[in-house]
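Trainee:
4 protein chains.
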Amino acid sequence: MIIVMKPEASSVEIKEVCSKLETLSFSCHVIHGVNQSVIGVVGTITDELLEQAQLWPKVEKAIRVGKPYKLVSRECQPEGSVVKVGSVSIGKEKVVIAGPCAVETEDQMLKTAEAVKKAGANMLRGGAFKPRTSPYAFQGLKTKGLELLSEAGRAYGLPVVTEVVDPRDVEIVAQYADMLQIGARNMQNFSLLKEVGLTRKPILLKRGLSSTIQEWLMAAEYILAEGNSQVVLCERGIRTFEPWTRNTLDISAIALAKETSHLPVLADPSHASGKRSLVEPLAKAALAAGADGLIIEVHPNPDGALSDGPQSLNFEEFERLMARLNLGEGV
Amino acid sequence: MIIVMKPEASSVEIKEVCSKLETLSFSCHVIHGVNQSVIGVVGTITDELLEQAQLWPKVEKAIRVGKPYKLVSRECQPEGSVVKVGSVSIGKEKVVIAGPCAVETEDQMLKTAEAVKKAGANMLRGGAFKPRTSPYAFQGLKTKGLELLSEAGRAYGLPVVTEVVDPRDVEIVAQYADMLQIGARNMQNFSLLKEVGLTRKPILLKRGLSSTIQEWLMAAEYILAEGNSQVVLCERGIRTFEPWTRNTLDISAIALAKETSHLPVLADPSHASGKRSLVEPLAKAALAAGADGLIIEVHPNPDGALSDGPQSLNFEEFERLMARLNLGEGV
Amino acid sequence: MIIVMKPEASSVEIKEVCSKLETLSFSCHVIHGVNQSVIGVVGTITDELLEQAQLWPKVEKAIRVGKPYKLVSRECQPEGSVVKVGSVSIGKEKVVIAGPCAVETEDQMLKTAEAVKKAGANMLRGGAFKPRTSPYAFQGLKTKGLELLSEAGRAYGLPVVTEVVDPRDVEIVAQYADMLQIGARNMQNFSLLKEVGLTRKPILLKRGLSSTIQEWLMAAEYILAEGNSQVVLCERGIRTFEPWTRNTLDISAIALAKETSHLPVLADPSHASGKRSLVEPLAKAALAAGADGLIIEVHPNPDGALSDGPQSLNFEEFERLMARLNLGEGV
Amino acid sequence: MIIVMKPEASSVEIKEVCSKLETLSFSCHVIHGVNQSVIGVVGTITDELLEQAQLWPKVEKAIRVGKPYKLVSRECQPEGSVVKVGSVSIGKEKVVIAGPCAVETEDQMLKTAEAVKKAGANMLRGGAFKPRTSPYAFQGLKTKGLELLSEAGRAYGLPVVTEVVDPRDVEIVAQYADMLQIGARNMQNFSLLKEVGLTRKPILLKRGLSSTIQEWLMAAEYILAEGNSQVVLCERGIRTFEPWTRNTLDISAIALAKETSHLPVLADPSHASGKRSLVEPLAKAALAAGADGLIIEVHPNPDGALSDGPQSLNFEEFERLMARLNLGEGV
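Protein chains in written order, with the numbering used here: chain S, 375 to 705; chain P, 375 to 705; chain E, 375 to 705; chain U, 375 to 705.
1. State the CB to CB distance for the pair P/Ser651 and E/Glu633, rounded to an integer number of angstroms; the pair is presumed to be in contact (CB under 8 Å).
2. For P/Glu453, count the other beta carbons within 10 Å of its own beta carbon; 16 or more makes it buried, fewer makes it exposed. Which is it?
3. Quick one: which chain P residues come within Cβ less than 7 Å of S/Gln562?
4. Report yes if the CB atom of S/Leu630 is closer than 8 Å to the CB atom of S/Ile587, and no otherwise.
5. Under 8 Å Cβ-Cβ, which residues of chain S neighbour P/Ala511?
6. Mapping DSSP to helix, strand and coil, what is U/Glu703?
7. Under 8 Å between the Cβ atoms of P/Glu609 and P/Ala641?
8. Enumerate in chain order the residues of its own chain whose CB-to-CB distance from U/Leu583 is below 8 Å, with the five nearest sequence positions on each side excluded.
9. Could you tell me whether the stretch 379–392 of chain E touches the stretch 378–395 of chain S, using the rule of 3 or more Cβ pairs below 8 Å?
10. Since E/Pro643 and E/Ile670 should fall inside the 8 Å C-beta cutoff, what is the C-beta to C-beta distance between them, to a whole number of angstroms?
11. Distance check for P/Val477 and P/Leu354, CA to CA, integer angstroms please.
12. Verify the contact flag: E/Pro452, CB atom, against every heavy atom of the ligand FMN, threshold strictly below 7 Å.
13. Give me the Cα-Cα distance between U/Gln604 and U/Gly527, rounded to the nearest whole angstrom.
14. Quick one: which chain U residues come within Cβ less than 7 Å of E/Met592?
15. Run through DSSP, which three-state label would E/Met379 get?
16. I'd like to know if the stretch 428–437 of chain P and the stretch 375–388 of chain P are in contact, where contact means that at least 3 CB-CB pairs between them fall below 8 Å.
17. Would S/Val412 and E/Gly414 qualify as a contact pair, given that the criterion is a beta-carbon distance under 8 Å?
18. Rounding to the nearest angstrom, what Cα-Cα distance links E/Glu662 and E/Thr418 in this structure?
19. Determine the direct distance from the alpha carbon of U/Cys475 to that of U/Gly500, and round the result to whole angstroms.
20. Can the beta-carbon of E/Asp666 be found closer than 8 Å to that of E/Ile464?
21. Pull out every residue of the stretch 616–628 of chain E whose Cβ sits closer than 8 Å to any Cβ of chain P, in chain order.
22. Among the residues of its own chain, which have a CB less than 6 Å from the CB of E/Lys580, if the five just before and after it don't count?
23. Could you check which residue in P/Lys468, P/Ala627, P/Tyr550 and P/Gly571 has the C-alpha nearest to that of E/Thr619?
24. The stretch 398–410 of chain P: which residues have C-beta closer than 8 Å to a C-beta of chain U, in chain order?
25. Given this structure, state the Cα-to-Cα distance separating E/Phe512 from P/Val456, to the nearest angstrom.
26. Could you work out which residues of chain C lie near P/Ala489, taking near to mean beta carbons separated by less than 7 Å?
27. For E/Leu706 versus E/Met483, is the C-beta spacing smaller than 8 Å?
28. Mind listing the chain U neighbours of P/Ile743? Cutoff is C-beta to C-beta under 7 Å, in chain order.
29. May I ask which residues mark the beginning and end of the alpha helix (DSSP H) holding E/Ala594?
30. Here's a check: name, in chain order, each residue in its chain whose Cβ is nearer than 6 Å to the Cβ of P/Lys575, leaving out the five neighbours to either side.
31. CB P/Gly473 to CB P/Val653, shorter than 8 Å?
32. Taking only beta-carbon positions, decide if U/Pro643 is within less than 8 Å of chain E.
33. Output yes or no for whether 8 Å exceeds the beta carbon distance between S/Lys444 and S/Glu545.
34. Measuring CA to CA, which of E/Lys504, E/Gly494 and E/Gly519 is closest to E/Glu480?
35. Drop a sphere of 10 angstroms on the beta-carbon of E/Glu703, count the other beta-carbons inside from all chains shown, and report buried for 16 or more, exposed for fewer.
36. Would a check of beta-carbon distances place E/Val705 closer than 8 Å to chain S?
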């Protein structure tokens, strides 16, 4: 930690800060600059100490030198993690997860599973518990939805991923799903993060729509700290002032998350944009920037979907997209 | 709902959109503009229909005319709500809730309760379950914290409010607290919203740090839709690009929430800024803009606090602030 | 400047960084931390050096210790500046500047000047050169507008302020106006800042809608650096994700600008919100937060205005507002 | 234009709005909805009318149906524009513009021109007039810089582009440069836009760091409206809350600008990120999303650069990047 003293701090006041820290077993090195002094503090700094130090008399600011995350960092594990979901190895091969936003009917799920399998997808997605902005919107089929998703995945040999929104549902969702998704709105639902950290299921952790990359890594750290290291990150767009897209896909975050962390990183071009016409350019861009794969909304009949129609592709559009992504034997 | 057709839409294509809607029992009125046509659709529009309509052939956009919230709106209830918490009437008198970010010790809580009572506060706050960005930071005393908070409140005749972060904890927190707080990070934790909606406790609903005012009202709507109408809104700053404050207090949101909704609105100048020196100007500004009260962090010894020290006031600072706010007999 | 070395930096590599800096006459103090080392660099650091240092081998980051602004800082001048515009002393008394967004006719200006004078305003505003998002929107009456504004101000003893948007117009605008306004879109138009810095006219410097407080102070620094210290800052809202207001008035920025700088600070509640109903709560809030005054749009007939009608008050509304602001003999 | 009336508007009040509009020669069509009525207004709507209508009694809001830009739209010109700069055809072939942020010396420019030409770049960039946040930072070599840039371009057969920041400099810059750049900070410097619109030089128009895509297109419209249709757009990152990158490259904006407008679109991965390690992933992503080319900072010795070192590539890094971009005969 570096403590920057205010220009008017006297040498006595600087010494008082050092005494306080030395009592706590830190060692201090004072550097007298042209206008103000700084104190280099050596030792393991907690968040609490960092915050408190800002309040001490004549302290201008306290700056953390190290990083607040540990287990998720590249420094902790230099080689990239591979997260296995059934036969799929995320982080090793380029992966495409496809399916509808919400599970609606058996027919919808079986047809979608067949179509996305044929087009080359590796995993099936579908929401059974839907977090919706309005209490009056369709909230998902719940357990019935889990059954339909699981059944469709098994029928076509596709591992399935679905969102869990309540710590009390983790057990039941884990019975049906091969991978659990933490949605953007729950990225800092720490009770839920701890609960999925206690399972041994792979976790797909979406970035919160106004979370910094560091907060996203800290959310992953919660899961790893509970003992579950099977975490895959997913960039899905952040909230900005631009009204023409639902969110702004933060393409740099994909590259930075991979640079900073050993966890695999997927991108969700469907939710990021909220627009069908943008799915293809964003999907290509995400792969070009180094994403380990994509999660894409596909629906047999998007303009009759019960949720998130505007960004869903139909089967033909998805097949064309997969051909253009040209993932080759990679997938 | 207004459907704007693309300029190239033919009259046959416009008719097809109308037929589709008329089959669903809506009535349609087409207006042919200079470059493009619009269709006025009369009937009760669901979120799903609004989304789907955007996807129909030659549709440029679909615009909702009405508002997605009902129970929280001024139109539903023109006079302002008064939420009673013990002897305190939020929405009727100007209210000040004060106390530490986190409950730490019995001594801390009793001293704080005494000091804030003496300075004129109406309610006591203190966190027992703390949502923290880092899994390695202090997470609160949990049930022990609830006991200490409740005891201190009773000792000085102050109703208490504390945050609940997990639907499984709602019952225990409701046993100890007079009012339950939903924190900013959980504003769209819909499981939690529904759970507190099933209690008959007053709820303090903080605005999410990247939530629009409409999303905030929709979160309140979740609670009212479950049958609990005792909801108080709290503006606590939004995330922007400005790095000199932790968040940007959205002062307009206070006035707009009161204009649009009948629910009382408080402001949290401590969390909004993250800076002790800003608490006073922001507190005054919030009251001037029409807030029904304030929630302010007070700690016996802020530079030794286990959480959020930089924005906490000590007893003397709080007493001086209360004198300057000049709430008079209003409190 | 503090240089944080990467954890893997060897002691030879740390020495190389120090040698480089010592050649440039800086003195270096190395502190070896638990995981990584930091170098305290003493001497006057330029922006260029700060940027370059980030690129040197094994450097993780370089952090500036001091502040990049000088002349505008409270440290440079502890007491607040008073900027005189005619008989008005901004920074000493609370000031209200009122008038239409755009100068339209002689009758409009004379009536407005009379009405705002009567209601207690101290200065008259009106745009002759209008920066408009669309090339097809009304761009202002230019020199004719300056004449009408100046005439109306003289008729009622009100100093006048108007925006200048082009360095080539500074001379002509300075002939007619008592104070020159730099608009939000031109806050980083450095050519224009330098040009008005060469005049001896008071300058009203609006904050850019996506500028940090520090960038705003740096823009003021440009003007002071040219020799003109008569600068008044004006907070007018920043761009955020919230769609219900045109901009988000950053109420904290008012307090922070006054804390950090000796320059007076006004607020513009009309532009910040873009909504007539918000002018009063925002005006009160800005004064409560410590603003030295307000700039408010007033128009004889807002729903017939050629520019920015939705946020303008009519005479009766302005008079009522002034009564409620209760500025007393302050004005 | 669609006017949405408030729910409480009476039929008399609705008729009054219609009468007002019919007097102005618009035709009105009223649709009575379940809760409120809307009026479809047919005719050519100005910005002024749209704003005024919002203020009329009992009007809830007024919504524009058409688009505010004309000349830049795909509807105006369905096929993509090709902008010729010397022998380079932007919009037809994939183009790479490379060079230093600031022109510093003859040697620097000649070496850079040679290196980027050899690596496959099509055009040379370099700043002679530098907009800098601080008045104390290097402001560019001005006319001397223009000479050095032009000389280096001619020596290696590379057309040159450089920024112009002041309308008074347009003439001199146009004498030396093959293409004029409008920087992000000047995107809404309308005097400058009009001035470059009067030249017959190709213009590179960077997106403002907090400008919406629509505002960016409107800025281009200013140039086209003056008669200069040789405009190339350039996405360079927007300001968001994320602190790990200087700006957030808005990858969707590239696809949307091409979808909505016929103008070519470049991307600037160097400025967007401010980080050398991100230049390659962002460059690849931008091309994958459909960008017509890139503008990349290259400097012989980035850690000695006078401006923007952290994001500049050295010659070897640039050569490697070009090889990996695999532009083939495309360039």
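The beta-carbon is built from N, C-alpha and C at its ideal position, and this holds for glycine as well.
Mentor: Per the coordinate set shown:
1. Yes, they are in contact, since the Cβ atoms of P/Ser651 and E/Glu633 sit about 6 Å apart, within 8 Å.
2. exposed
3. Pro505 and Arg559
4. yes
5. Within 8 Å Cβ-Cβ: Thr420, Asp421 and Glu422.
6. Note that U/Glu703 scores 46 on pLDDT, short of 50, meaning its location in the model is unreliable and no value can be drawn from it.
7. Yes, the pair counts as a contact, with Cβ atoms nearer than the cut-off.
8. Correct list, in chain order: Ala558, Arg559, Arg610, Gly611, Ile612, Arg613 and Asn621.
9. no
10. 7 Å
11. Outside the modelled stretch of chain P, which goes from 375 to 705, sits residue 354 of chain P, for which no answer is possible.
12. You won't find the ligand FMN in this model; it holds no ligand whatsoever.
13. 21 Å
14. Thr507 and Ser508
15. strand
16. Judged by pairs of C-beta atoms under 8 Å, the stretch 428–437 of chain P touches the stretch 375–388 of chain P, as three or more such pairs exist.
17. Yes, Cβ-Cβ distance for S/Val412 and E/Gly414 is below 8 Å.
18. Correcting the residue identity first, residue 662 of chain E is Ala in this sequence and not Glu. Distance between the alpha carbons of E/Ala662 and E/Thr418: 39 Å.
19. 5 Å
20. yes
21. Glu616, Pro617, Trp618, Thr619, Thr622, Leu623, Asp624, Ile625, Ser626, Ala627 and Ile628
22. Gly557, Ala558, Cys608 and Arg610
23. P/Ala627
24. Answer set for the stretch 398–410 of chain P: His403, Ile405, His406, Gly407, Val408, Asn409 and Gln410.
25. Going by the C-alpha atoms only, they are around 48 Å apart.
26. Reference to chain C is not applicable here, since the protein chains of this structure are S, P, E and U.
27. The first residue shown for chain E is 375 and the last is 705, placing residue 706 of chain E beyond what the model contains.
28. The structure shown does not extend to residue 743 of chain P, since chain P spans only 375 to 705, so no value can be given for it.
29. Ile587 to Ala599
30. When the five nearest sequence neighbours on each side are left out, the beta carbons in the same chain lying within less than 6 Å of the beta carbon of P/Lys575 are those of Ala548 and Leu554, in order along the chain.
31. no
32. no
33. no
34. E/Gly519
35. Unreliable placement is indicated for E/Glu703, whose pLDDT of 47 sits below 50; the coordinate value is still reported in the next sentence. By the 10 Å Cβ count, E/Glu703 comes out exposed.
36. Summary for E/Val705: the model assigns pLDDT 37, below 50, so the residue's position carries little reliability, and this model does not support an answer.
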